[in-house]
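Written below as structure tokens is the structure these notes are about.
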Amino acid sequence: MSNLLSLRPGGLALLAAIIAAGPLVLQNGFHYNVAILAGINAMVCIGLNLLIGYAGQISLGHAGFFALGAYASAILPERFGFHPAGALLTGAVVVGLLAFAIARPILRLRGHYLAMATLGMGIIISIVLDQEVDITGGPDGMPVGDLTLFGQVVSGELAWYWLIGALLFVTTWLALNLVHSPVGRALKAVHGSEIAAAAMGVDVFHYKVLVFVFSAVLASVAGSLFAHYNGFITPDEASFIHSIQLVTMVVLGGMASIAGSIVGAVVLTVLPQMLAGFHDYEMIVFGAILMGTMILLPEGAVPTLAKRIRERLA
Amino acid sequence: MRFFRKLTRRAALAMAGVAALTLAHAGTALAGDAKEPIKIGSFLAVTGPASFLGDPELKTLQLYIGKINKEGGVLGRPLKLVHYDAQHLAKKAVTFTRRLIEQDKVDLIIGGSTTGTTMAVVKLVERAQIPFISLAGASVIIDPVKKWVFKTPHTDRLAVRKIFSDMKKRGLSKLGLLSGSGGFDKSCAGNARKLAKDYGITIVADETHGKGDTDMTPQLTRIKNTPGVQAFLYCGFGAPTSIVARNFKQLGMKIPHYQSHGSASMKFIKGAQGGAEGVRLPVAALLVAEQLPDDNPQKKVALAYKRAYESAYNDSVSTFGGHAYDALMIAVNAIRRAGTTDKAKVRDAIEQTKNYIGADGIYNMSPTDHLGLDEKSFVMVEVRNGTWKLLK
Amino acid sequence: MLAEFLQFLFSGLTVGAVYGLIGLGFAVIYNASNVINFAQGEFVMIGGMATVFLMKAGLPMPPAVALAIAGAALVGWLLARFGIETAKGAGVVGLIIITIGASILLRGLAQVIWDRNFHPLPSISGDAPIHVLGATLLPQSLWIGAALIVIMAGLRHFFAHTRTGKAMRAAAIDPLAAQLMGVDVRRVVRLSFVLSAALGALAGVLVAPITMTYANVGVMLGLKGFAAAIVGGLGNPLGAIAGGLVVGIAEAMTAGYLSSAWKDVVAFVIILFVLLFMPNGLFGRAEAERA
Chain A
520 MSNLLSLRPG
530 GLALLAAIIA
540 AGPLVLQNGF
550 HYNVAILAGI
560 NAMVCIGLNL
570 LIGYAGQISL
580 GHAGFFALGA
590 YASAILPERF
600 GFHPAGALLT
610 GAVVVGLLAF
620 AIARPILRLR
630 GHYLAMATLG
640 MGIIISIVLD
650 QEVDITGGPD
660 GMPVGDLTLF
670 GQVVSGELAW
680 YWLIGALLFV
690 TTWLALNLVH
700 SPVGRALKAV
710 HGSEIAAAAM
720 GVDVFHYKVL
730 VFVFSAVLAS
740 VAGSLFAHYN
750 GFITPDEASF
760 IHSIQLVTMV
770 VLGGMASIAG
780 SIVGAVVLTV
790 LPQMLAGFHD
800 YEMIVFGAIL
810 MGTMILLPEG
820 AVPTLAKRIR
830 ERLA
Chain B
113 MRFFRKLTRR
123 AALAMAGVAA
133 LTLAHAGTAL
143 AGDAKEPIKI
153 GSFLAVTGPA
163 SFLGDPELKT
173 LQLYIGKINK
183 EGGVLGRPLK
193 LVHYDAQHLA
203 KKAVTFTRRL
213 IEQDKVDLII
223 GGSTTGTTMA
233 VVKLVERAQI
243 PFISLAGASV
253 IIDPVKKWVF
263 KTPHTDRLAV
273 RKIFSDMKKR
283 GLSKLGLLSG
293 SGGFDKSCAG
303 NARKLAKDYG
313 ITIVADETHG
323 KGDTDMTPQL
333 TRIKNTPGVQ
343 AFLYCGFGAP
353 TSIVARNFKQ
363 LGMKIPHYQS
373 HGSASMKFIK
383 GAQGGAEGVR
393 LPVAALLVAE
403 QLPDDNPQKK
413 VALAYKRAYE
423 SAYNDSVSTF
433 GGHAYDALMI
443 AVNAIRRAGT
453 TDKAKVRDAI
463 EQTKNYIGAD
473 GIYNMSPTDH
483 LGLDEKSFVM
493 VEVRNGTWKL
503 LK
Chain C
1369 MLAEFLQFLF
1379 SGLTVGAVYG
1389 LIGLGFAVIY
1399 NASNVINFAQ
1409 GEFVMIGGMA
1419 TVFLMKAGLP
1429 MPPAVALAIA
1439 GAALVGWLLA
1449 RFGIETAKGA
1459 GVVGLIIITI
1469 GASILLRGLA
1479 QVIWDRNFHP
1489 LPSISGDAPI
1499 HVLGATLLPQ
1509 SLWIGAALIV
1519 IMAGLRHFFA
1529 HTRTGKAMRA
1539 AAIDPLAAQL
1549 MGVDVRRVVR
1559 LSFVLSAALG
1569 ALAGVLVAPI
1579 TMTYANVGVM
1589 LGLKGFAAAI
1599 VGGLGNPLGA
1609 IAGGLVVGIA
1619 EAMTAGYLSS
1629 AWKDVVAFVI
1639 ILFVLLFMPN
1649 GLFGRAEAER
1659 A
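Heads up: the protein sequence lines correspond to chains A, B and C, in order. Under my numbering, the final residue of the first sequence carries the number 833; numbering is consecutive throughout. Under my numbering, the final residue of the second sequence carries the number 504; numbering is consecutive throughout. Under my numbering, the final residue of the third sequence carries the number 1659; numbering is consecutive throughout.
The following block contains the structure:
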């Protein structure tokens, strides 16, 4: 364990320092709100990046997992008297099982097929949430109760900031360990050449399923946290557009870069706030970022910049 | 290892840069002029699927805030509109409302084009204790009454009541219902189911259609073939209203056809390409301002708003813009009566709004009624020769 | 009973033909370049919206339609030239992301250049419904069906008998070999985008009188067309049309006989079912490789 811990102490320490320095920069509740949303997005993106960047599989339905987590946290405590933490875990387990059930048959196929299956699944989830008005409140959404942890209600921007900051740190630590473990190396091999990896004795299929399930569970947990934090959720959380936004964050930050995912999530959470006065152009900017990054910086912003800096220093 | 450290340092720089930019941006927003304007915050669905609501609403706010400022403002201070486009998304509505309250420090909020975005921020405005006037339809917004939350549009319940009264008058009691999958559609259809009994109406067919659907003939065929059906009601808004009207005509259906106030826009008639002839719906008097009798107190207000809007934007007036007009005027009147922008006093003044004659009707608010409109504020119209005809 | 069934069938066939036309665009591009073009629905939108606004500017309908289709084809060419080609080596995931970006960009541009309202287009030959055994059918539906048949026959001829068509088929089967045989694969890819953009725009013009058109009209239509292409077996043009009809009829029958609330789920349940149990699509094409 200590071996794993020491893998990337510099990066993790920096992340911790940035999170700890947050309150120096964040001046009001709105700033905290943006920072917390960025943190939640970053958690989802780290998981999604393991899938896209390391395992080379795309999901166009992660918003569906996010929304299932969110609705589990909204419905279970309210209707069935679950403890909020229990609801969060139940949501995560259900999403994990669902992801497992989808991944097993689909990941045997190649190329676009996971994209299609996850897309279809995400849309089905959003339609079900829309239609089941009696349970989900339908398109108008439903309110969500408070999150209690260890007998304490998590309330106030500062409490949420520290909670999300801590969880983001843990997620990053987990992901870095995964990436630099034998599993991560196997995944890299999968991305490079599946056949070569298989020939080397890597159980390609097993790892792909593992990463898919892990990323779905992360999305679900993030969804649960978001629901409690926001206090209100609508089926739009499951929308295709939301899935695309998550993919965009990963792509912009850089595939196969954990730091990139955090940067991508932060930039694309803050950017709409900066463009708030130009709502007509938000979609244009968003689309152009997606295309531009993929065409000009196919490795994403962070890895490309890092490479340039490395070259200059070398 | 060194590589990763550099990489994360880069990330930190980028994040710090972004944060600095946001702050700079915020700084310019805060640097108001010396006269200390009264800040009206708003978040509307200007883009996205509900943009047909937010677009006229925002245009109306901009138009009238400009007018009021030209006439010297309110309490000698100019009005300043701080607007963000929250689309139909609850998440954006929450973030922008926080921004309006905590960063822009607005004095009052008008907004929430849709019920979802409105309900998402109710907790927030109640906690921040800031007057909030919603432009969304559903009755849950003001029922139960929430201390700081008001709204100006007629509720779908009022619309359904108006339609059912008209049906009763014509001796129709067996209704075929079709609704879309949006929040408005569902709430309207839900009220129709709830209220039917009060009017001796039975719903003999109850159909729905999905988002972005382009053909409603299967649902309409089922309604057409339901034995005994005497009238048809469609609850929905946007493009489907026209498609339903066209499909209805295509199937040769002859029973009386009602739609909700969600169809109260010329775009409905134009889109239906003749299919809208004979459709009846409850609308705000605004749409038929010219046809109102001269002694109707609303006539002057409605005509003035209609002319101002249509000449400024070269676009036909819709009731949605009317909601924004009424919300702004109620807010401005309240601030004038309170003589201050103190939030609690403005809230009390809004609640005391009496006999305000607006585009949507005559408002009489009270501690138990944060809408203040009744069924009379709706008029029944029928589409004839491609335009609205006021029914007596 | 029969009248009811026929009415559902007509509805399903009309909608299904539209899905098929859009699915066809997916198939043509996929065949030539292995790209799933998520901007396909936006070509449909461009066709409809451009026609509406050209007619508003005073053009009669036929030249407006021709210009709109040409405009969409140009957008298709630009996307292939500057989106797909410059990103060579981006991989499956990268190309999907580029086309998704293009679709968002095009929708954003449409809202700024045109507007956010919905617009009708006049039908080609009026709105008087035709009565068939108690059911009714709009003349526009017949036009859509006729267009589908003409396009199908045209594409068959094109792929089977013209040099360019044969080159496109060769490039689809094995791009490297085709290149060695002197086929300009890049040109084939551009051509496939132009062709499917034009097909999409034509679909947009044909459906606008029934569905209306607006900046976001392509989102759901595009996804349903995508479903059609998968159901038919990805990359199989005839399969895409058949897939469209299957999805359209399944939707109409679900709405008619089961519950209209679940109609939209049908298309996507069919996608999942096909992917899980018959990955080559209902109408086959050995494209999905087992890993």
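Note that the Cβ used here is the ideal one computed from N, Cα and C, for glycine as well.
Original post:
Within the 8 angstroms Cβ cut-off, does Glu-319 of chain B reach chain C?
Top reply: Answer yes: the Cβ-Cβ gap between Glu-319 of chain B and chain C drops below 8 angstroms somewhere.
Original post:
Tell me which same chain residues have a C-beta within less than 8 angstroms of the C-beta of Ala-301 of chain B, skipping the five on either side of it?
Top reply: Its chain contains Leu-289, Ser-291, Asp-318, Thr-320 and Cys-347 as the residues whose beta carbon lies nearer than 8 angstroms to that of Ala-301 of chain B, once the 5 sequence neighbours on both sides are disregarded; these appear in chain order.
Original post:
Do three or more CB pairs link the segment 804-816 of chain A to the segment 1449-1456 of chain C at distances below 8 angstroms?
Top reply: They touch, by the three-pair rule.
**OP:** Return the chain-ordered list of same chain residues with a C-beta closer than 8 angstroms to the C-beta of Gly-1494 of chain C, the five sequence neighbours on each side being excluded.
**Re:** Counting only Cβ-Cβ distances below 8 angstroms, and skipping sequence neighbours, we find Pro-1507.
Subject >> C-beta contact flag for Val-689 of chain A and Leu-682 of chain A at 8 angstroms >> reply: No, the pair does not count as a contact, with Cβ atoms beyond the cut-off.
**OP:** Take Asn-359 of chain B and list the residues in its own chain whose beta-carbon comes closer than 6 angstroms to its own, dropping the five residues that flank it on each side.
**Re:** Beyond the five residues adjoining it in sequence on each side, Asn-359 of chain B comes within less than 6 angstroms, by CB distance, of Met-328, Thr-329 and Leu-332 in the same chain, given in chain order.
Subject >> Where Trp-260 of chain B sits in the DSSP three-state scheme >> reply: Residue state for Trp-260 of chain B is assigned as coil, using DSSP reduced to three classes.
Original post:
Comparing alpha-carbon positions, which option in A:Ser-780, A:Val-612 and A:Val-647 lies nearest Leu-569 of chain A?
Top reply: The option with the nearest alpha carbon to Leu-569 of chain A is A:Ser-780.
**OP:** Report the three-state DSSP secondary structure of Ser-478 of chain B (helix, strand or coil).
**Re:** The three-state reading of DSSP puts Ser-478 of chain B in strand, counting E and B together.
Original post:
Using Cβ-Cβ distances below 8 angstroms, what residues of the segment 1593-1615 of chain C are close to chain B?
Top reply: Correct list: empty, as no residue qualifies.
Subject >> Burial state of Val-237 of chain B (16 or more Cβ within 10 Å) >> reply: Its Cβ being crowded by 16 or more others within 10 Å, Val-237 of chain B is buried.
Subject >> Short CB-CB distance (under 8 angstroms) between Thr-499 of chain B and chain C >> reply: No, its Cβ sits nowhere closer than 8 angstroms to a Cβ of chain C.
Original post:
Alpha carbon to alpha carbon, what distance is there between Pro-791 of chain A and Ala-778 of chain A?
Top reply: Annotation: Ala-778 of chain A to Pro-791 of chain A spans about 21 angstroms, alpha carbon to alpha carbon.
Original post:
Name the chain C residues whose beta carbon is nearer than 8 angstroms to that of His-631 of chain A?
Top reply: Result: Ile-1404, Val-1460, Ile-1464 and Leu-1602.
Original post:
So is Leu-363 of chain B in contact with chain C if we call contact Cβ pairs under 8 angstroms?
Top reply: Yes, contact with chain C.
**OP:** Flag this pair as yes or no: are the beta carbons of Leu-398 of chain B and Gly-434 of chain B separated by less than 8 angstroms?
**Re:** Yes, the Cβ-Cβ distance between Leu-398 of chain B and Gly-434 of chain B is below 8 angstroms.
Subject >> For Cys-564 of chain A: DSSP bridge partner residues >> reply: Per DSSP, none; premise fails for Cys-564 of chain A.
**OP:** Report buried or exposed for Ala-436 of chain B, applying the criterion of at least 16 other Cβ atoms within 10 angstroms of its Cβ.
**Re:** By the neighbour-count criterion, in which a residue is buried when 16 or more other Cβ atoms sit within 10 angstroms of its Cβ, Ala-436 of chain B is buried.
Subject >> Extent of the continuous alpha helix (DSSP H) to which Thr-207 of chain B belongs >> reply: Unbroken alpha helix (DSSP H) run through Thr-207 of chain B: 202-210.
Subject >> Residue of B:Ala-388, B:Ser-478, B:Glu-214 and B:Pro-243 minimising C-alpha distance to Asn-552 of chain A >> reply: In terms of Cα proximity to Asn-552 of chain A, the closest of B:Ala-388, B:Ser-478, B:Glu-214 and B:Pro-243 is B:Glu-214.
Subject >> Contacting positions in the segment 631-662 of chain A - beta carbon closer than 7 angstroms to chain C >> reply: Those residues of the segment 631-662 of chain A that come within reach of chain C (Cβ to Cβ, closer than 7 angstroms) are His-631, Tyr-632, Ala-634, Met-635, Ala-636, Gly-639, Met-640, Ile-642, Ile-643, Ile-646 and Gln-650.
**OP:** Tell whether a beta-carbon distance below 8 angstroms holds between Lys-263 of chain B and Gly-312 of chain B.
**Re:** Taking 8 angstroms as the Cβ cut-off, Lys-263 of chain B and Gly-312 of chain B do not qualify as a contacting pair.
**OP:** Name the residue from B:Gly-324, B:Phe-276 and B:Trp-260 whose alpha carbon lies nearest to the alpha carbon of Met-477 of chain B.
**Re:** Among B:Gly-324, B:Phe-276 and B:Trp-260, the Cα nearest to that of Met-477 of chain B is on B:Trp-260.
**OP:** State yes or no: is the C-beta of Ser-251 of chain B within less than 8 angstroms of the C-beta of Ala-162 of chain B?
**Re:** Annotated as distal: Ser-251 of chain B and Ala-162 of chain B, with beta-carbon spacing of 8 angstroms or more.
**OP:** List the DSSP bridge partners of Trp-500 of chain B.
**Re:** Looking at the DSSP assignment, Trp-500 of chain B forms a beta bridge with B:Val-495.
Subject >> Assigned secondary structure, Asp-197 of chain B (DSSP; H/G/I helix, E/B strand, else coil) >> reply: Under the three-state reduction of DSSP, Asp-197 of chain B is assigned to strand.
Original post:
Of the residues that make up the segment 819-830 of chain A, which ones have a beta carbon closer than 7 angstroms to any beta carbon in chain B?
Top reply: So the list reads Val-821, Leu-824, Ala-825, Ile-828 and Arg-829, given in the order they occur along the chain.
**OP:** Indicate whether at least one CB of chain A lies closer than 8 angstroms to the CB of Thr-1454 of chain C.
**Re:** Using a CB distance cut-off of 8 angstroms, Thr-1454 of chain C counts as an interface residue toward chain A.
Original post:
If we cut at 8 angstroms on Cβ distances, does Leu-569 of chain A have a partner in chain B?
Top reply: Nearest CB-CB separation between Leu-569 of chain A and chain B: not below the 8 angstroms threshold.
Subject >> Members of the segment 1475-1495 of chain C that neighbour chain B once the beta carbon cut-off is set at 7 angstroms >> reply: Listed by position, the residues of the segment 1475-1495 of chain C near chain B (Cβ gap below 7 angstroms) are Gln-1479, Arg-1484, Asn-1485, Phe-1486, Pro-1488 and Asp-1495.
**OP:** Count the other CB atoms, across all protein chains shown, that sit within 10 Å of the CB of Phe-797 of chain A; report buried if there are 16 or more and exposed otherwise.
**Re:** Around the CB of Phe-797 of chain A, fewer than 16 other CB atoms lie within 10 Å, so the residue is classed as exposed.
Subject >> Beta-carbon separation (whole angstroms), Val-395 of chain B vs His-369 of chain B, contact threshold 8 angstroms >> reply: Val-395 of chain B to His-369 of chain B, Cβ: 15 angstroms. No contact.
**OP:** Classify Leu-133 of chain B as helix, strand or coil using the three-state DSSP reduction.
**Re:** With a pLDDT of only 49 at Leu-133 of chain B, under 50, the local geometry of the prediction cannot be trusted, and no value is derived from it.
**OP:** Return helix, strand or coil for Gly-295 of chain B, following the three-state DSSP convention.
**Re:** Looking at Gly-295 of chain B - three-state DSSP - the assignment turns out to be helix.
Original post:
Which partner residues does Lys-466 of chain B have in the DSSP bridge list?
Top reply: Answer is none; Lys-466 of chain B lacks a bridge partner.
Original post:
What three-state label does DSSP hand His-1499 of chain C in the structure shown?
Top reply: Here DSSP, grouped into helix, strand and coil, assigns His-1499 of chain C to strand.
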